[in-house]
Amino acid sequence: MQVLKAEDAVALFMTGGSARIDTNVTPKFKVGDTVVARNINPAGHTRLPRYLRGKQGTVHKVHGVFGFPDTMAHGQGETPQNVYSVRFTAQEVWGTDASPRDSLYIDMWDDYLDPA
Amino acid sequence: MNGIHDLGGMHGMGPVDPETAEPIFHADWERRLFAMWMAAFACGIYDDNEFRHAIERMAPAEYLTTSYYEHWLIAMEQLMIEKGQFDATELAAAWPNASEGAA
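Protein sequence lines, in the order shown, are assigned to chains A and B. Counting in our numbering, the first sequence runs from 1339 upward without gaps. Counting in our numbering, the second sequence runs from 550 upward without gaps.
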């Protein structure tokens, strides 16, 4: 078993560790694409917030390849895939009472998205 | 899972009221728990997704009435039992020996 040595702890805490996976996976979407968050309701772990399911957004940035929390949380492997910053307008999420000036930028994995 | 942790959009939770001059830790046990979490994580006993899911699996009423690091503690106890690091009996036996002054 690997161990965290005391002399390595400070460096680890000060620099953090990236969850990025160094492998090439073709992204399903590009900046500017309109996407819809899937309506999934898994009994296990997911990072897809309930309030976004079925909502439409726009890909703002492609972050690159990361492991998929929904499988990693259950010992089912990394399922490497692209993650995007997706912009959802406040009015798309909360309706016309919301401010027309506000948006949410949410990190979304490929498996959370369908083309609009 | 559609649990109480996914609070976005709910009403009735009161205002977000951040502390002024918030300390990094509110008690020494939080500091020690943070160190234990990192050490166990670095050993590969669990990953952070498993840990998050362990917090999500807390009973909803308990989740809402416990603090941030209490979530860590409860989830870490659960995960360490599930990963075979100790069992519930050992944990229960150890608790009476725990004290805030213990290093």
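All C-beta atoms in this analysis are idealised placements derived from N, C-alpha and C, irrespective of residue type, glycine included.
Residue i at chain A interface by Cβ criterion, 7 Å
{"i": "A652 (chain B)", "result": "For A652 (chain B), the pLDDT reaches just 48, beneath the cut-off of 50, and the residue's location in the model is therefore unreliable, although a value from the coordinates is still provided. Judged by the 7 Å Cβ criterion, A652 (chain B) is not in contact with chain A."}
{"i": "E599 (chain B)", "result": "yes"}
{"i": "A637 (chain B)", "result": "no"}
{"i": "A624 (chain B)", "result": "no"}
{"i": "M607 (chain B)", "result": "no"}
{"i": "G552 (chain B)", "result": "no"}
{"i": "G563 (chain B)", "result": "no"}
{"i": "D555 (chain B)", "result": "yes"}
Assigned secondary structure, residue i (DSSP; H/G/I helix, E/B strand, else coil)
{"i": "H602 (chain B)", "result": "helix"}
{"i": "I553 (chain B)", "result": "coil"}
{"i": "A652 (chain B)", "result": "Any reading at A652 (chain B) is ruled out, since the residue's pLDDT is 48, under 50, leaving its predicted position unreliable."}
{"i": "D1449 (chain A)", "result": "helix"}
{"i": "R1358 (chain A)", "result": "strand"}
{"i": "T1417 (chain A)", "result": "coil"}
{"i": "Q1429 (chain A)", "result": "helix"}
{"i": "Y617 (chain B)", "result": "helix"}
{"i": "V1348 (chain A)", "result": "helix"}
{"i": "T638 (chain B)", "result": "helix"}
{"i": "T569 (chain B)", "result": "coil"}
Test: residue i CB closer than 7 Å to a CB of chain B
{"i": "M1339 (chain A)", "result": "yes"}
{"i": "A1436 (chain A)", "result": "no"}
{"i": "P1418 (chain A)", "result": "no"}
Proximity of residue i and residue j at Cβ, strictly below 7 Å
{"i": "H1398 (chain A)", "j": "V1421 (chain A)", "result": "no"}
{"i": "P1418 (chain A)", "j": "T1364 (chain A)", "result": "no"}
{"i": "I553 (chain B)", "j": "Y595 (chain B)", "result": "no"}
Integer-rounded CB distance, given that residue j should sit under 8 Å from residue i
{"i": "V1374 (chain A)", "j": "A1454 (chain A)", "result": "5 Å"}
{"i": "F1426 (chain A)", "j": "G1395 (chain A)", "result": "4 Å"}
For the pair the segment 564 to 571 of chain B and the segment 1403 to 1416 of chain A, tell me if three or more CB-CB distances fall below 8 Å. Counting Cβ pairs under 8 Å, fewer than three are found: no touch.
Between the segment 596 to 608 of chain B and the segment 619 to 632 of chain B, are three or more C-beta pairs nearer than 8 Å? Yes, since at least three Cβ pairs between the segment 596 to 608 of chain B and the segment 619 to 632 of chain B fall closer than 8 Å, the two stretches touch.
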